[in-house]
Amino acid sequence: MSIKNISPITRVKGELTFGGDKSVSHRAVIFASMAEGGSVIKNISTSEDVKSTISV
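Read in order, the letters of the sequence shown correspond to residues -10 to 45 in this note's numbering.
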């Protein structure tokens, strides 16, 4: 197995559109929590799992 180093991106700006399923909603919340500034997530799943992720 080879190891690859990934350099972090210093700034990402734009809009992404994905379906509103539960796994994508979890990822959107996690990425938004790591971003600097504000994030807007539309059409997010309203499952209890996603609500729990948001509350963390």
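Even for Gly, the Cβ is constructed at its ideal location relative to N, Cα and C. For clarity, every value in this text was computed on a predicted model and none was experimentally measured.
DSSP three-state assignment for residue i, whether helix, strand or coil
i, result
"ARG0", "coil"
"THR35", "coil"
"LYS(-7)", "coil"
Nearest-angstrom Cα separation, counted from residue j out to residue i
i, j, result
"GLY9", "MET23", "20 Å"
"GLY3", "SER28", "11 Å"
"VAL39", "PHE20", "13 Å"
"LYS31", "SER(-4)", "29 Å"
"LYS(-1)", "GLU37", "Just to set this straight, residue -1 is Thr in the shown sequence, not Lys. Cα to Cα, the separation comes out at about 33 Å."
Residue i, buried or exposed, once every other Cβ within 10 Å from all chains shown has been counted against 16
i, result
"VAL18", "buried"
"VAL1", "exposed"
"SER12", "exposed"
Expected contact under 8 Å - CB spacing of residue i and residue j to nearest Å
i, j, result
"THR35", "HIS15", "Not a contact, Cβ separation roughly 13 Å."
**Unbroken stretches of the alpha helix (DSSP H), 4 residues or longer, contained in the region 3 to 30** = Counting only runs that start and end inside the region 3 to 30, the alpha helix (DSSP H) elements of at least 4 residues fall at 11 to 23.
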